[in-house]
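Please read the structure below before turning to the comments.
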Amino acid sequence: MSGVESVSLPLFGIYGASGCGRGILPVAAQMLTARLGNCAYELVFVDDDPPSPTVNGRRVLTYREFVASDAQSRAMCIAISNSRVRERLLDRCVSDGVDSLSVRASNVVVLDEVVIGEGAILAPFVTLTSNIRIGRQFHANIYSYVEHDCVIGDFVTFAPAVHCNGNVVIEDHAYLGAGSVLRQGTPAEPLVIGRGAVIGMGAVVTRSVAAGATIVGNPARPLREA
306 MSGVESVSLP LFGIYGASGC GRGILPVAAQ MLTARLGNCA YELVFVDDDP PSPTVNGRRV
366 LTYREFVASD AQSRAMCIAI SNSRVRERLL DRCVSDGVDS LSVRASNVVV LDEVVIGEGA
426 ILAPFVTLTS NIRIGRQFHA NIYSYVEHDC VIGDFVTFAP AVHCNGNVVI EDHAYLGAGS
486 VLRQGTPAEP LVIGRGAVIG MGAVVTRSVA AGATIVGNPA RPLREA
């Protein structure tokens, strides 16, 4: 029999071909090349409504095409800023046996005793200092930092340049807008950002925030009073 037999490759997906996904795919490519060396792999965009067959030179597959592809293994990074959508897409991946792919830029700084859950995105110039616990599917965009003794829940999103100072607790599904600043808490009384809270762009947070609240300004105040 003549011909060359095709070889299945590891297949990695970036879920979302819009801005967030386009920003993180080259970071993932750099990370995978460094990690896998000379081993071949394919990295694609995955989108439920593909804008075109290719984006930035990469194939764009629907989720079903991704799952049905002939691949040695499959792993997905969910580059969707909406945390509720991110959670639903993770459930879909888990049910189909697709592994989570965490993406970390080469210049990210992670110091001592930092634990990070699966599926994290750590964009360029992110810093995590010491004694930090972070849950699943954390997104930290460019120039964000987390200082010492912080606890961050699942599906938390940091827009660019979030400043999270020490002794802060951020509960699941919280969203922190670009340039927001969280005052440092204390071991006895940490600053708490409640579940599903939204911190506006540039807000300076000086006191704890209730679950589901939206706050803006400097100093930050609720967008709408109850």
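Residue numbers (this note's numbering): 306 to 531. Quick reminder that beta carbons are idealized off the backbone N, C-alpha and C, glycines included.
Mapping DSSP to helix, strand and coil, what is SER307?
Reliability fails at SER307, whose pLDDT of 48 lies under 50, so the model's placement of it is uncertain and the value that follows must be treated cautiously. In this structure, SER307 counts as coil in the three-state DSSP scheme.
Any idea which residues DSSP pairs THR462 with across the strands?
HIS444 and TYR480
Starting from the C-beta of PRO358, find all residues in its chain whose C-beta is less than 8 Å away, skip the five residues before and the five after it, and write them out in chain order.
Excluding residues within five positions, the ones whose Cβ falls inside 8 Å are ARG364 and VAL365.
Give me, in chain order, the residues of the same chain whose beta-carbon lies closer than 6 Å to that of ARG441; leave out the 5 immediate sequence neighbours on both sides.
GLY422, GLU423, GLY424 and ASP459
Are the CB atoms of PHE430 and ILE447 within a distance shorter than 8 Å?
yes
Curious, which full-length alpha helix (DSSP H) runs of at least 4 residues does the segment 359 to 396 contain?
368 to 373
Separation of ALA384 from SER378, as counted between CA atoms
20 Å
Determine whether the beta carbon atoms of ALA445 and VAL332 lie at a separation below 8 Å.
no
To the nearest angstrom, how far is it from the Cα of LEU496 to the Cα of GLY321?
33 Å
Once you ignore the five residues that flank GLY318 on each side, which residues in its own chain have a CB closer than 6 Å to its CB?
These residues qualify, in order along the chain: VAL349, VAL351, PHE371 and MET381.
Confirm, please, whether the CB-CB distance from LEU433 to VAL414 is below 8 Å.
yes
Chain-order list of residues whose beta-carbon lies under 8 Å from that of VAL509 (same chain, five-residue window excluded):
Cβ within range, chain order: SER485, VAL486, ARG488, GLY522, ASN523, PRO524 and ALA525.
Opposing strand residues paired with TYR346 [DSSP bridges]:
Per DSSP, none; premise fails for TYR346.
Report all residues from its chain with a CB closer than 8 Å to the CB of ASN412; omit the five preceding and five following residues, and keep chain order.
PRO429 and PHE430
On the premise that ALA518 lies in contact with ARG500, defined as a C-beta separation below 8 Å, what is that separation, rounded to the nearest angstrom?
ARG500 to ALA518, Cβ: 10 Å. No contact.
PRO331 lies in the alpha helix (DSSP H); which residues open and close that run?
324 to 341
Among GLU452, LEU406, ASN387 and CYS398, which one has its Cα closest to the Cα of GLU418?
Ranking GLU452, LEU406, ASN387 and CYS398 by Cα distance to GLU418 puts GLU452 first.
Simplified DSSP assignment, three categories, for SER400:
helix
ALA334 to TYR346, Cα distance in whole Å?
10 Å
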